[in-house]
Amino acid sequence: MQIALIGQPNCGKSTLFNQVAGYKAETGNFSGTTVTFTESKVRVLGNVVSVVDLPGTYSLAGTNPAEREVIKYLTSNTVDVVINVLDASHLSHGLAMTVELLELNVPMVIALNMMDEADRIGIRVDVETLEKSLGVPVVPMIASKGRGIQPLFVKAYQIGQQGVLPIQPKYSNDLERNLALLEVTLANVESYLNPRALALKLLEGDRDITESVIEQVPGVESDLKTIGQSMKHDRGQSLEWIINGERSGLADNLAKRVIQQGKRQITFRDRLDDILLHPVIGYVGLILILYLFFQVVYTIGGWLEVPLMDFFAQLEVWLLSRLGNSDHLFSEILVALIQGVSGGVAIVLPYLVPFLIGLGIMEDVGYLPRVAFLMDALMHKIGLHGKSIVPFILGFGCNVPAIMSTRILEDKRERFISAALSTMVPCAARLAVVFGLVAFYLGPELALAIYIFNLFVIAVTAKILSRLVPDESPGLILEMPVYRIPTFRTVVNKAWWRIREFIVEAWPLLIVGSIVLSVLNYFNLSIYLNTLARPISWILGLPGEVGVPLIFGILRKELSLVMLGQALGSMNFAMVMTPVEMITYAVFVVFYVPCLATMVVIRKELGWKMMWQIAGMTTLIATLAGLIARGISAIFY
Amino acid sequence: MNLLEVPKGKVFRVVNYRGGRAVGYKLRQLGLCPGHQVKVLRYAPLGGPVMVDVEGRSVAIGRGIASRVEVEVI
């Protein structure tokens, strides 16, 4: 049996999914976190069913790629039962899509989520009346606390097995008459939609569906025209608005009947925006929050890095002294193994863990859309709009989800620019390079300076790109979610989910890369790779040995640090690099070619051409930025 | 009257949107449809977006779009 979870953005679908499936879907308190389908097997009443988490969508019409994917899935696959997740604290909005789902005429259950939130703002929902009016079971629940999940899935399983269909929504008489007429014409049309739903989509003006139906029944075109004209004459609105008006009217009416608005308690959370979005204090707060975040990551990371590095250095010395002779290939490999392991434990993880926990907290609290609100005017100045900031911020964790989240942008041009720019955002892996090299040896202020320089370069690039590919951006429309206190469990699960990705996928590569390099060194082969990268390392005034770590760094950005130590012969970088070299190297690593995983995602989302464009562009920018960094730092050192 | 011309903190009713189809669609999805009540909460500085409350939900809208949302006194 297959169960699909569907609901509007930020209604808690992914939270619900993660509760039943373990952490598998990205969640966050802003819309558009889930952009791909995630499937999981779940045991219900002793049977294994598969549960599919769909991206959040406000309606089933599909104006952006993420929404279109949902419709495709709901209609092409055989879904046995749909769980429609509704946010009880914003019921009338959610119900508008429920009405659209009812039209599809598939077995359905409603999960009335966020009952605690509704309670807080004084809303009481009459579950029984809601059930009766829709002809669909309604299960109240609080997904974040795990309440009501068991009954929900049991109910969904039963409904799916019995194949209970919902009651069809009834619209105004004139619309119903026209629907009935169309249904007769469409009776023999082959479609994944039932005739009534098909008729509604046609009246609504859904372009794809209309085209495919006209191919089968050419006469429909004139029918639609006649209906459109007569209804416009009667009501003074276009069909599209009439149908949407009918749906939201139905939803509003229903909401009015089942919602009892009690007294709303004004709490600290309602006042929070007055501070955090204040025209002056808001920006001070933004800088303060980011600075604090930066300091915490640096402090915790450094506090862990020092003793861990010491430990591994001693381990290395001890092992080598036990082996006696250090000229063997075997001892070279052993050292490489230790350095690969220590690179992960001592350099990457100390910064990665606090960073990911902090990012998770900011996401779940709901601060990120506020950043978009504050930054929108500034983003417009560089030719983008505030929504593009979401991929940027996700990019600080990892560029892969950042690229995927560009799907929330409607426009192909905006998507390309945002994707290109978000690959320039230093992800957690590059954070390790900046912190492990620059902050650790030269001080945190310099690391911060690199981050500010990075933002500056991104802004300049954005400005140039938006000039090259000009377009009117329509402006921001973004929902501001209610502030939520993140639960310990979701924050830890989310951080663990992302850290595990490093441990399982990146770390083995670090160790293998480190060993491969030691073999290359032993047989004097690395010289060829270094020659290949020599033009760039020469321009930047870096030692020729950086070629290998830079080339391997394309696989995983952490490699460019771990292998650097090996290439230069010491993990104590202060001994083998000058401050200018450290800064130039770190800046180049921050910008040059996105890692392999990111390139793969760019190819999937935007195609080969854009992937190569982005790779070429970032190499060029990295070289220029490296030169600038070299010039500026040479003044001070 | 459009959304940029109304005083902060007072409730108005949405009448119409005079703009592109896609944007109109997006607005309706977020509840800014004719008949619904809307209240301006705050403006972002430097010509940034305006934040409104629509039926209990906060939505940020760019000023260009907001100037095309017609509202009336209740």
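Taken in sequence, the protein lines are chains A and B.
Here the first sequence is numbered in the numbering used here, starting from 344 and rising by one per residue.
Here the second sequence is numbered in the numbering used here, starting from 3 and rising by one per residue.
We put the CB at the ideal spot given by N, CA and C, even for glycine.
By Cβ distance, which residues of its chain are closer than 7 Å to residue i, with the 5 residues on each side in sequence left out?
i                      : result
residue 490 of chain A : 484
residue 787 of chain A : 641
residue 432 of chain A : 457, 460, 461, 464 and 466
residue 435 of chain A : 594, 595 and 598
residue 601 of chain A : 468, 469, 472 and 473
residue 655 of chain A : 681, 685 and 689
residue 659 of chain A : 678 and 681
Excluding sequence positions up to five away, which residues of its chain have a Cβ less than 6 Å from the Cβ of residue i?
i                      : result
residue 758 of chain A : 749 and 752
residue 593 of chain A : 442 and 512
residue 764 of chain A : 801 and 805
residue 940 of chain A : 743
residue 449 of chain A : 425
residue 812 of chain A : 756
Would you check if the distance between the CB atom of residue i and the CB atom of residue j is smaller than 9 Å?
i                      : j                      : result
residue 38 of chain B  : residue 70 of chain B  : no
residue 967 of chain A : residue 932 of chain A : no
residue 822 of chain A : residue 353 of chain A : yes
residue 644 of chain A : residue 697 of chain A : yes
residue 934 of chain A : residue 767 of chain A : yes
residue 46 of chain B  : residue 824 of chain A : no
residue 451 of chain A : residue 509 of chain A : yes
residue 913 of chain A : residue 905 of chain A : no
residue 487 of chain A : residue 833 of chain A : yes
residue 872 of chain A : residue 891 of chain A : yes
residue 862 of chain A : residue 675 of chain A : yes
residue 392 of chain A : residue 364 of chain A : no
residue 928 of chain A : residue 969 of chain A : yes
residue 535 of chain A : residue 522 of chain A : no
residue 497 of chain A : residue 529 of chain A : no
residue 51 of chain B  : residue 818 of chain A : yes
residue 625 of chain A : residue 717 of chain A : yes
residue 67 of chain B  : residue 29 of chain B  : yes
Could you tell me which residues DSSP pairs with residue i in its beta bridges?
i                      : result
residue 648 of chain A : Beta-bridge pairing links residue 648 of chain A to no other residue.
residue 483 of chain A : A:455
residue 60 of chain B  : A:823 and B:55
residue 14 of chain B  : B:40 and B:75
residue 381 of chain A : A:396
residue 348 of chain A : A:396 and A:426
residue 45 of chain B  : B:52
residue 466 of chain A : A:604
residue 8 of chain B   : Residue 8 of chain B pairs with nothing; no bridge assigned.
residue 391 of chain A : A:386
residue 19 of chain B  : B:71
residue 65 of chain B  : Beta-bridge pairing links residue 65 of chain B to no other residue.
residue 490 of chain A : A:485
At a Cβ threshold of 9 Å, is residue i touching chain E?
i                      : result
residue 721 of chain A : Absent here is chain E; the protein component of the structure consists of chains A and B.
Contact defined as beta carbons within less than 8 Å: I believe residue i pairs with residue j. What is the distance between those atoms, to the nearest angstrom?
i                      : j                      : result
residue 355 of chain A : residue 428 of chain A : 6 Å
residue 947 of chain A : residue 770 of chain A : About 18 Å separates the two Cβ atoms, so there is no contact after all.
residue 526 of chain A : residue 539 of chain A : 6 Å
residue 481 of chain A : residue 494 of chain A : At roughly 11 Å, the Cβ-Cβ gap does not stay under 8 Å, so residue 481 of chain A and residue 494 of chain A are not in contact.
residue 713 of chain A : residue 620 of chain A : 6 Å
residue 43 of chain B  : residue 54 of chain B  : 6 Å
residue 930 of chain A : residue 793 of chain A : 6 Å
residue 437 of chain A : residue 350 of chain A : 7 Å
residue 590 of chain A : residue 439 of chain A : 6 Å
residue 519 of chain A : residue 547 of chain A : In fact, because the Cβ distance is near 15 Å, the residues do not count as touching under 8 Å.
residue 563 of chain A : residue 545 of chain A : 7 Å
residue 829 of chain A : residue 926 of chain A : Not a contact, Cβ separation roughly 36 Å.
residue 908 of chain A : residue 902 of chain A : In fact, because the Cβ distance is near 11 Å, the residues do not count as touching under 8 Å.
residue 889 of chain A : residue 910 of chain A : 7 Å
Residues in its own chain within less than 8 Å of residue i by CB, not counting five upstream and five downstream?
i                      : result
residue 26 of chain B  : 19
residue 49 of chain B  : 65
residue 612 of chain A : 825 and 826
residue 945 of chain A : 746, 762, 766, 937, 953, 954 and 957
residue 73 of chain B  : 3, 4, 5, 8, 14, 15, 16, 17 and 40
residue 809 of chain A : 725, 726, 727 and 760
**Ranges of the alpha helix (DSSP H) found wholly within the region 730–770 of chain A, counting only runs of at least 4** = 732–740, 742–748 and 755–765
**Message:** My parser needs the beta strand (DSSP E) runs of 3 or more residues fully inside the region 902–928 of chain A; what are they?
**Reply:** none
**Segments of 4+ residues assigned as alpha helix (DSSP H) that fall wholly inside the region 493–539 of chain A** = 516–529
**Sequence ranges, alpha helix (DSSP H) only - wholly within the region 649–708 of chain A, length at least 4** = 672–685 and 692–708
**Asked** Which ranges does the beta strand (DSSP E) cover as unbroken runs of at least 3 residues, wholly within the region 839–915 of chain A, from first to last along the chain?
**Response** none
**Asked** In chain order, which continuous runs of the beta strand (DSSP E) of length 3 or greater are located wholly inside the region 563–635 of chain A?
**Response** 602–604
**Item:** Those runs of the alpha helix (DSSP H) which lie wholly inside the region 949–975 of chain A and span at least 4 residues
**Value:** Correct list: empty.
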